[in-house]
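Structure first, then comments.
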Amino acid sequence: MILNYLWIAFFLIAFLVGLARLIFLQDYEVFPAILQSTFDMSKTGFELSLYLTGVMSLWLGIMKIGEAGGIVRVFSRLIGPFFTRLFPEIPRDHPAIGSMIMNFSANMLGLDNAATPLGLKTMKEMQELNPQKDTASDAQIMFLVLNTSGLSIIPLTILIDRSVIGAENPTDVFIPIMIATFFSTIVGLIAVSLYQRINLLDKVIMAYLGGLTAFMAGIIYYFSSIPQEQIASISNVASSLLIYGVIISFIALAVIKKVNVYETFIDGAKEGFEIAIKIIPYLIAILVAIGVFRASGSLDYIIRGIEAVVNFFGFNSEFVEALPTALMKPLSGSAARGMN
Numbered sequence: 004m005i006l007n008y009l010w011i012a013f014f015l016i017a018f019l020v021g022l023a024r025l026i027f028l029q030d031y032e033v034f035p036a037i038l039q040s041t042f043d044m045s046k047t048g049f050e051l052s053l054y055l056t057g058v059m060s061l062w063l064g065i066m067k068i069g070e071a072g073g074i075v076r077v078f079s080r081l082i083g084p085f086f087t088r089l090f091p092e093i094p095r096d097h098p099a100i101g102s103m104i105m106n107f108s109a110n111m112l113g114l115d116n117a118a119t120p121l122g123l124k125t126m127k128e129m130q131e132l133n134p135q136k137d138t139a140s141d142a143q144i145m146f147l148v149l150n151t152s153g154l155s156i157i158p159l160t161i162l163i164d165r166s167v168i169g170a171e172n173p174t175d176v177f178i179p180i181m182i183a184t185f186f187s188t189i190v191g192l193i194a195v196s197l198y199q200r201i202n203l204l205d206k207v208i209m210a211y212l213g214g215l216t217a218f219m220a221g222i223i224y225y226f227s228s229i230p231q232e233q234i235a236s237i238s239n240v241a242s243s244l245l246i247y248g249v250i251i252s253f254i255a256l257a258v259i260k261k262v263n264v265y266e267t268f269i270d271g272a273k274e275g276f277e278i279a280i281k282i283i284p285y286l287i288a289i290l291v292a293i294g295v296f297r298a299s300g301s302l303d304y305i306i307r308g309i310e311a312v313v314n315f316f317g318f319n320s321e322f323v324e325a326l327p328t329a330l331m332k333p334l335s336g337s338a339a340r341g342m343n
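Residue numbers for the sequence shown follow the numbering used here, so the first one is 4 and each next one is one higher.
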């Protein structure tokens, strides 16, 4: 219901702001720009959907192989004690556990293109356990918060983007990103746990969080001790090797269990295609709404207002220009990258 009101508000506010600009500023280009944005964003949404369909078919096919090979049981033994406390609604050996771990792994390695289909698959599997189909379950809320916080060990795509746009030192944001995403994840975890009354002082939770903190500290120490020009190459090799290693391990487990790997992949890819088709209308709807809101100048006025408030209190307002990208990121990583 909230999304319904928000979607309507985008169009109404865009119309009112456009009308004000036409009447008071004699801006005769504002409504042609608004109309053009509907076509442009529809095209962008469809192009993103085509790309997402291919990526989702690939990764859900890979996950299907892993499930057939018993990878969910392996993950359950490793992470099960921790996840059963954070996600008590999800059975320990449920496929959502494997998809969730793969999603978090892809996010930590900065591979958001791989993380997106795995995240959608996780939500779909959680929805099957949700008794109230029209309301997000506690498990879905916790997963969404942890996924959005974006804990990143190797922010590969950001380093590549900075290199492409000619940053003098593309890797100088490496450690700040690790620290920022670590604390955003911890804060998100604490906030949702307090709301859902999850006992964070549980010995198992404390042990896993302590281990994660020590691991992050070790990674930060290692990368702070090597020359910055080596960080990008090491990150690239490490993330690619780890993800491809996971694919090979899934295939190997399936072969050991005498699974028809090819047919299993095809079955998973079909599921990915079906999910992608279902989300295309939603993606286009939200992108078009944001497009008209931005084309009308409404978003610029909001950004300028926030910038004025930040400057009034004497803070650095450079981050304000990045807010549109930050708002787009939860909806589409590719669209957010296009706004950079």
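Even glycine gets a Cβ: it sits at the ideal position worked out from N, Cα and C.
query: Hey, would you say Met129 sits closer than 9 Å to Val195, going by beta carbons?
result: No, they are not a contact pair.
message: Quick check on Tyr304: does DSSP put it in helix, strand or coil?
response: DSSP places Tyr304 in helix when its eight states are reduced to three.
- request: Report yes or no: do the stretch 184-198 and the stretch 64-83 share at least 3 C-beta pairs separated by less than 8 Å?
  value: Contact between the stretch 184-198 and the stretch 64-83 is absent, because fewer than three Cβ pairs lie under 8 Å.
field: Completely contained alpha helix (DSSP H) runs for the stretch 87-169, where each covers 4 or more residues
entry: Look at the stretch 87-169 and you find these whole runs of alpha helix (DSSP H), each 4 residues long or longer: 98-111, 115-132, 141-152 and 159-167.
- request: Throw me the rounded Cβ distance for the Ser102 and Met66 pair, which I believe falls under 8 Å.
  value: So it is a contact: roughly 6 Å between Cβ atoms.
task: Specify the secondary structure class of Arg200 as computed by DSSP and reduced to three states.
output: Coil, per DSSP.
task: Could you tell me which uninterrupted alpha helix (DSSP H) segments, each at least 4 residues in length, are contained entirely in the stretch 209-262, listed from first to last along the chain?
output: Runs found: 231-259.
field: Spatial neighbours of Ser227 in its chain, beta-carbon cut-off 7 Å, leaving aside the 5 residues before and after
entry: Excluding positions up to five away in sequence, the list reads Ile178.
query: What first and last residue would you give for the alpha helix (DSSP H) that runs through Glu277?
result: First-last of the alpha helix (DSSP H) with Glu277: Val264 to Ala298.
- prompt: DSSP three-state call for Leu192: helix, strand or coil?
  reply: Note: Leu192 maps to helix in three-state DSSP.
task: Figure out for me which residue from Leu6, Ile37 and Tyr8 has the closest Cα to the Cα of Val20.
output: Checked all of Leu6, Ile37 and Tyr8; the closest Cα to Val20 is Ile37.
- prompt: Going straight from the alpha carbon of Tyr54 to that of Lys136, what length do you get?
  reply: Distance between the alpha carbons of Tyr54 and Lys136 is about 28 Å.
query: With burial defined as no fewer than 16 other Cβ atoms inside 10 Å of the residue's Cβ, what is the status of Ser152: buried or exposed?
result: Burial call: buried.
query: Closest to Lys281 by CA distance: which of Tyr31, Lys127 and Asn7 is it?
result: Of the candidates Tyr31, Lys127 and Asn7, the one whose C-alpha sits nearest the C-alpha of Lys281 is Lys127.
message: Once DSSP output is grouped into helix, strand and coil, what is the label at Asn172?
response: Coil at Asn172, not helix or strand.
task: Below 8 Å CB to CB, which residues in the same chain sit around Trp10 once its five sequence neighbours on both sides are set aside?
output: Correct list, in chain order: Ala288, Ile289 and Ala292.
task: Check whether the stretch 93-100 touches the stretch 234-246, counting contact only when three or more Cβ pairs, one atom from each stretch, lie closer than 8 Å.
output: Not touching, per the Cβ criterion.
- prompt: What is the rounded straight-line gap between the Cα of Met209 and the Cα of Phe86?
  reply: So the two alpha carbons sit approximately 12 Å from each other.
query: Roughly how far, in whole angstroms, is the beta-carbon of Val295 from the beta-carbon of Phe14, given that I think they are within contact range, below 8 Å?
result: About 6 Å separates the Cβ atoms of Val295 and Phe14, confirming a contact at the 8 Å cut-off.
query: Measuring CA to CA, which of Thr125, Leu6 and Arg24 is closest to Gly300?
result: Residue Arg24 is the option with its Cα nearest to Gly300.
task: Label Asn263 either buried or exposed according to how many other C-beta atoms from any shown protein chain fall within 10 Å of its C-beta, with 16 as the threshold for buried.
output: Exposed, since its Cβ has fewer than 16 Cβ neighbours within 10 Å.
message: Quick check on Glu32: does DSSP put it in helix, strand or coil?
response: Taken through DSSP and simplified to helix, strand or coil, Glu32 comes out as coil.
field: Continuous alpha helix (DSSP H) stretch holding Phe14: start and end
entry: Judged by DSSP secondary structure, Phe14 falls within the alpha helix (DSSP H) whose first and last residues are Ile5 to Phe27.
query: According to the neighbour-count rule (16 or more other Cβ atoms, all chains shown, within 10 Å of its Cβ), is Phe78 buried or exposed?
result: It is buried - the Cβ of Phe78 has at least 16 other Cβ atoms within 10 Å.
task: Compare the Cα-Cα distances from Pro120 to each of Gly221, Ser155 and Met59 and report the closest residue.
output: The shortest C-alpha separation from Pro120 is found at Met59.
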